[in-house]
Structure formats: structure tokens, C-alpha cells
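Chain order of the listed sequences is A and B. All residue numbers in the first sequence are consecutive under the numbering used here, ending with 321. All residue numbers in the second sequence are consecutive under the numbering used here, ending with 388. Written out below as C-alpha cells is the structure these notes cover.
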Amino acid sequence: MDDDLNRAPCGYLSLDQAGVIWAINATLEAWLGYPAQELLGQPVDSILPVASRMLYQSYFTPLLISHGQVEELFIRFQAASGQEEPLLINAIRREKGGQVCIECILVPVRRRIQYEEEILRARKEAERAARMKMQAVEALEEAHIALEAKQAELLEANARLEALASQDHLTGLKNRRVFIDYLAFHIAMVKRSPAPLSIILIDIDKFKNINDRYGHPVGDIYLQRLAQLMYDNLREIDLLSRYGGEEFAIVLPDTDQSMAALVAERLRSAVLLADWPQSPITISMGIATYTSEIHSDVALIFLADRALYASKDNGRNCFTHASELGILPAVKQPR
Amino acid sequence: MAPNTLARNNVHISGRGTQPMLFGHGFGCDQRFWRLVAPAFEDHYRVILFDYVGSGKSDRDAYSFTRYSSLSGYAQDVLEICTELELKNPIFVGHSVSSMIGILASLQAPGLFQQLILLGASPCYFNDLPHYAGGYQRSDLEGLLGMMEHNYLGWANYVAPVAMKNPERPELALELEASFCATDHEIMYQFAEITFLSDVREVLPRVQTPALIMQPAEDAFVPLPVAEYLHQHLAGSQVKYMQATGHFPHLSYPVETIQIIQQHLDSL
Chain A
-13 MDDDLNRAPC
-3 GYLSLDQAGV
7 IWAINATLEA
17 WLGYPAQELL
27 GQPVDSILPV
37 ASRMLYQSYF
47 TPLLISHGQV
57 EELFIRFQAA
67 SGQEEPLLIN
77 AIRREKGGQV
87 CIECILVPVR
97 RRIQYEEEIL
107 RARKEAERAA
117 RMKMQAVEAL
127 EEAHIALEAK
137 QAELLEANAR
147 LEALASQDHL
157 TGLKNRRVFI
167 DYLAFHIAMV
177 KRSPAPLSII
187 LIDIDKFKNI
197 NDRYGHPVGD
207 IYLQRLAQLM
217 YDNLREIDLL
227 SRYGGEEFAI
237 VLPDTDQSMA
247 ALVAERLRSA
257 VLLADWPQSP
267 ITISMGIATY
277 TSEIHSDVAL
287 IFLADRALYA
297 SKDNGRNCFT
307 HASELGILPA
317 VKQPR
Chain B
121 MAPNTLARNN
131 VHISGRGTQP
141 MLFGHGFGCD
151 QRFWRLVAPA
161 FEDHYRVILF
171 DYVGSGKSDR
181 DAYSFTRYSS
191 LSGYAQDVLE
201 ICTELELKNP
211 IFVGHSVSSM
221 IGILASLQAP
231 GLFQQLILLG
241 ASPCYFNDLP
251 HYAGGYQRSD
261 LEGLLGMMEH
271 NYLGWANYVA
281 PVAMKNPERP
291 ELALELEASF
301 CATDHEIMYQ
311 FAEITFLSDV
321 REVLPRVQTP
331 ALIMQPAEDA
341 FVPLPVAEYL
351 HQHLAGSQVK
361 YMQATGHFPH
371 LSYPVETIQI
381 IQQHLDSL
């Protein structure tokens, strides 16, 4: 070997294709601490720790085969002392005297590697922290999504409860509670800005006979059909409700006595002309219209109820207005 | 499936035969590592070479750190190529980690492959004594990955995130990443990690596809007992111990490698 190369301030190693050491310079031997010439003819594996042998085989060799050279590969060599020596290696693969030869230049990188390890440690720590943060954010997002789903469920359940609380299950009409709320609201309104307001109470005539003759399921169908029939004959602002068993009640905003009578007549004839599953039915109605002498929803309902009873007494299939009863002054305090 | 699997995996097709022969490369390699072996089969087979996503001239943009975080992501590459080309009865030849990728692919698509040819294969590189001697201590493998970390995740990866701390100049980070090819290195490192730390021993008994195990002498990665272990755990497998030495017999001893594959296929 050229004396300059032998003593150059870098390691020099020459291998054959099978990785057997052909030549090694004095500098590298001194770094690794092996006696001169001891390594010649030995496989390079003998001065590589196990992990480095794998790196040599899985990275160094393929790279030499595919690119003909390796640049700046970091690898640890096994020193005679048992210590591992971190080295940076550059290698080329070329033909020399008809044979493939692998020539390597090596430089120790002990200090650099220490810095790099610190950087890698910091990087890993940062990555770990970033990963944990990401996981925390993901968990938070999941929790948020779960919360939103729960809230949606709750809203839906509330809506269902609200419907249950305000609706009559059989006819789909609003129930008595809603009727009273709606009526109270409109009374409050007309007290502030005067406008006509009427209500109608409706009762099916001799409905007990239907139930007794055809059974309750048929009776239910009558109630549903009647509800639909009346609903179809009312305006959007009117509120039709199922008041009790076979009793219905309507709030008619912006409707005076004569208009309420028209509505009642329309309903009466519609019921009379409708097709019924079994025998036909008729309805009796009581109408009351709000005046300044009537102070409450209760009083108005009381009047309409009395009117309804008058209709029953008058032979049914008709309507009566509370004003015809001649009791108005007496109902200022209905209780 | 990716819209263009063939471009993504840099697929090259040659040969005058009809039965497909698919060659899978190992870690740190690409399809060129088959250049001394594959042409020998062009007379009678349809030879298909490819690069796994992240290796060789594959489309780096298709790399996903999630998909390729286990060998089954690579098996997906193989299966998608088979689907795209509508391969019937292909023979899969896998070197090193590709052997296990082939095994996983054969399990995901039962009955697809006619044969698996496993060159320098190991289901697990580390020891699990007393049941299994993979040849290495886990600490050796961690040492190997540690060195690779220095080689792959060097300065570029350190510098790029620092640059990214300048949100007003995002182009800086992009530029740095591009010039240092950080992504390539990260891909290599992840591939190294799953290559050397995977353990697919438990799936071996489920493999139905007949396999030929080709075990070179003095393979630094695969001790002889590992080949024997594979043979015992792969039903209907054959094992062939080669004269060739080293982990890359398809490059260093192509003639013997071709002969053994040829004889095996002729005997079917």
C-alpha cells in the first residue's frame, strides 16, 4: 500500500465481492486497535457488531449493487477493546485487475453522533408529545361528537315528549291542555286589541250506541274520521282539539257570533252528509263568543258547555249559541 | 383501489408466455435486483416486475405512513397489481421480506396464487427462545434500526421541522424537505422497521398455497433452522438448500437461482 494512504488521516479498507478484507491501512487498524495485518483475509463481518453486519447486508450491499457507491453511511465497527467505534463510510465498487473490488474510506464521528443522538432523542420526545397531543385532540373530538349525538337524541326525545304531551294519540288532534292554552292566549290578545273570538264545543250524539253495537275499534274509527272531517272544514288559525271521550272543542280566532254559527252549520251538515262505516252519526254543538263581560277562558267554556246541553235538549243535530240562553249576566262569576 | 396501480408501482411486463410470474423485491432493493434472473423466464411466462410504493421508481405520493405501517399494506400492493392485470394463477417469487408479503397476500386472496417461491425468507428475525431462533436478539435489531435512524432520519428531518416554525414562510419548509428528500428517508426507515420487527409466524399454518423455500448457505439474515421452521409450518412446502451464499443469491448466483426455480416449475 502507498505509504501516504497507509498513514492518511482517514481509514481505508478494501474488500472483495464476498466481503473479505484485502487491504486495511494503518490508521484504521490503529483506530480499531487490531494488530497489524491480523485482519487481512478475514471477512469484514469479523470487525462488525451483529447490528452492523445486518446493516452491511441489507443496506450497504444492495446500494453498492444498484448505485455502485455508498455515501455517508453511518455504521459502527467492532474495536479490539470491545468498544463500538462509530464511523462514517464512503464506498465505491469497481473492477480492479479483472475482479470486483469494494473500496471504503472511513472517518470516526464519535462527537457528531453524540450530538445527533441528543437531537434524535429530543425529536422523538417531541414526536411523542405531538402524538399524545393528537390523540388527546382526537379523543376530545370523539367526545364532542358523542356529546352532539346525545344532544340530538335529547332534542328528539323532547320533541317526542312534547308531542305526546300536547297530542291526542287516537285522532292526532291537539289535546285539551293545548286547547285551553290556545284559548287563554287569544283571550289575552283580544283584551289588548279587541277582535271577535268564539269557541265551539262538539259532542257526538248517542255515541255510546255506536260503541255498544259495533265495538270500540269501530267507535275509534268514527272518532278519527270525524276529527279529519272537521279539520278539513276549518281554517289554519282555528284550533281543533279532542276535549274528552267523544267531545271536541274549537277555538275560532277572529270569528264573531254569526260567523261561528256558519262554521257550526258547515260542520253539522258535513257530518250529516259524510259516509260512515256503519250507521250515520250527528253532532250537537254549543257556541260561545267572547265579550267584555266574560273575563276568563273558564267562563267561556262554561257558556259553550251550557249551550251544548241546550242543543241536546233541543233534539240534537243542531247548535245553540250561549247568547240565546239568557243567562249571560248570571255567569260573570261562573263558579 | 388507486386509479393507476401500474404507474404507481412502476409495473413492467415482459415475456412471451401466458402464466404470470410476479417478482417481489426485498427491503432496500427494487425490481432491478431481479435483472439477472427474471429474463430467464420470459420464454415461457409473462414476467411482471414492480416496485413497492416507496421503493425504486414507484410513485412516492402514493405512500401512506398508515397503510405501509405493516406488511399487509405491501401485500395490498401485490393484490392490487394482480387485480389490475387480472392475473390468473400467478406464481409469486419473493425475495427476503417479499416472501412474507407474498404469504400475507396469499391469505388475503385464497386460491389466487398457484405457487409461492420464497428466497431468503424469514417469518421473524428475532429469537423467541426456546420456541424459535430467528438468529438475532431484539437488541441487535434495535441497534440496526438505531443506525438506520442516523442514516435515514439525519439532519434533514431535524432541520425541516425547525424551518416549519416560521409559519410566515411555509415555502421554506417545503423547499428544505424537497432538497433533503426527507420523505424518502422516512419511508426507508419505516420499511426497515416493519421488515426487521415483523413476526408473521402465527399466520403460517393458515397458508394454503404450495411454497418452495429457497435457502442460501450463509445467509446473514436467515439461519438454516429458520428455513426448516418455515418448511415445517407451511403445509405442502418444499425446501431447497442452495449452494449460493449470502442474502442476495439472485444477484450473486443467478444461474443456480434460475435453475432451482426452473426445475421446480417444471416438476409441477
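Glycine residues also receive a C-beta, built at the ideal position from the N, C-alpha and C atoms. These numbers were taken from a predicted model, which means no experiment stands behind them.
{"query": "In chain B, which residues lie less than 8 Å from Tyr101 of chain A when you measure between Cβ atoms?", "result": "Going along chain B, no residue has its Cβ under 8 Å from Tyr101 of chain A, so there is no contact; the nearest lies around 10 Å."}
{"query": "Does DSSP put Thr390 of chain A in a helix, in a strand, or in coil?", "result": "What the structure shows of chain A is the stretch from -13 to 321, and residue 390 of chain A is not part of that stretch, so it cannot be assessed."}
{"query": "Would a C-beta distance cut-off of 8 Å place Phe63 of chain A and Leu73 of chain A closer than the cut-off?", "result": "yes"}
{"query": "Measuring only between beta-carbons, confirm whether Phe60 of chain A sits less than 8 Å from chain B.", "result": "yes"}
{"query": "According to DSSP, is Gly240 of chain B part of a helix, a strand, or is it coil?", "result": "coil"}
{"query": "List the DSSP bridge partners of Asp189 of chain A.", "result": "A:Glu233, A:Ser270"}
{"query": "With DSSP run on the structure shown, which of helix, strand or coil describes Tyr(-2) of chain A?", "result": "strand"}
{"query": "So what's Phe60 of chain A in DSSP terms, helix, strand or just coil?", "result": "strand"}
{"query": "At 8 Å on the CB atoms, spell out the chain B contacts of Gln64 of chain A, in chain order.", "result": "What Gln64 of chain A touches in chain B: nothing, since even the nearest Cβ is about 12 Å away."}
{"query": "Would you tell me roughly how many angstroms separate the C-alpha atoms of Gln28 of chain A and Gly174 of chain B, rounded to the nearest one?", "result": "36 Å"}
{"query": "Report the start-end ranges of each alpha helix (DSSP H) in the stretch 326 to 383 of chain B that is 4 residues or longer and not cut off at the edges.", "result": "344 to 353, 369 to 372"}
{"query": "How many whole angstroms separate the CB atoms of His351 of chain B and Ile380 of chain B, which I take to be in contact at a CB cut-off of 8 Å?", "result": "Incorrect: roughly 15 Å between the Cβ atoms, too far for contact."}
{"query": "Tell me Gln3 of chain A's beta-bridge partners as DSSP assigns them.", "result": "Answer is none; Gln3 of chain A lacks a bridge partner."}
{"query": "Using 8 Å as the limit for Cβ to Cβ distance, is Ser270 of chain B near chain A?", "result": "Here residue 270 of chain B is His; the residue named in the question, Ser, does not match the sequence. Judged by the 8 Å Cβ criterion, His270 of chain B is in contact with chain A."}
{"query": "What do you reckon, are the CB atoms on Ser297 of chain A and Ser255 of chain A nearer than 8 Å?", "result": "no"}
{"query": "Identify each residue in the stretch 117 to 137 of chain A for which the Cβ-Cβ distance to at least one residue of chain B is less than 8 Å, and report them in chain order.", "result": "none"}
{"query": "Check whether the Cβ atoms of Leu239 of chain B and His384 of chain B sit closer than 8 Å, and answer yes or no.", "result": "no"}
{"query": "Roughly how many angstroms separate the alpha carbons of Gly254 of chain B and Glu139 of chain A, rounded to a whole number?", "result": "55 Å"}
{"query": "Using a cut-off of 8 Å between C-beta atoms, extract the partners of Met267 of chain B located in chain A.", "result": "Ala37, Ser38, Leu41, Phe60, Ile61, Arg62"}
{"query": "Measuring CB atoms only, is the stretch 201 to 208 of chain B touching the stretch 148 to 156 of chain B, in the sense that at least three cross pairs come out at less than 8 Å?", "result": "no"}
{"query": "Please check the pair Asp386 of chain B and Gly366 of chain B, which I expect to be a contact at CB under 8 Å, by giving their CB distance rounded to whole angstroms.", "result": "Contact doesn't hold; Cβ gap of about 26 Å is too wide."}
{"query": "Report all residues from its chain with a CB closer than 6 Å to the CB of Phe161 of chain B; omit the five preceding and five following residues, and keep chain order.", "result": "Met141, Val167"}
{"query": "In chain order, what residues of the same chain have a beta carbon less than 6 Å from the beta carbon of Ala260 of chain A, not counting five sequence neighbours either side?", "result": "Leu215"}
{"query": "In terms of alpha-carbon separation, which member of B:Tyr349, B:Arg326, B:Gly137 lies closest to Ser226 of chain B?", "result": "B:Arg326"}
{"query": "Is it the case that the Cβ atoms of Thr125 of chain B and Gln235 of chain B are separated by a distance below 8 Å?", "result": "no"}
{"query": "Could you give the residue range of the alpha helix (DSSP H) that holds Gln100 of chain A?", "result": "96 to 152"}
{"query": "Would you mind reading off the limits of the alpha helix (DSSP H) that contains Pro203 of chain A?", "result": "202 to 218"}
{"query": "Under DSSP, the alpha helix (DSSP H) around Lys160 of chain A begins and ends at which residues?", "result": "Careful: Lys160 of chain A lies outside any alpha helix (DSSP H) and carries neither H nor E."}
{"query": "Reducing DSSP to helix, strand and coil, say where Arg321 of chain B ends up.", "result": "helix"}
{"query": "Could you check the C-alpha separation between Arg117 of chain A and Leu126 of chain A for me, to the nearest Å?", "result": "14 Å"}
{"query": "So the alpha helix (DSSP H) Met(-13) of chain A belongs to, where does it begin and stop?", "result": "No alpha helix (DSSP H) holds Met(-13) of chain A; DSSP gives it neither H nor E."}
{"query": "Does the distance from the C-beta atom of Val198 of chain B to that of Ile223 of chain B stay below 8 Å?", "result": "no"}
{"query": "At what residues does the alpha helix (DSSP H) containing Phe288 of chain A begin and finish?", "result": "283 to 299"}
{"query": "Comparing C-alpha positions only, which one of A:Ala12, A:Ala37, A:Arg39, A:Val36 sits nearest to Leu26 of chain A?", "result": "A:Ala12"}
{"query": "Below 8 Å on C-beta distance, what does Pro94 of chain A contact in chain B?", "result": "Simply none; closest approach about 14 Å."}
{"query": "Where does Met(-13) of chain A land, buried or exposed, given buried means 16+ other C-beta within 10 angstroms?", "result": "exposed"}
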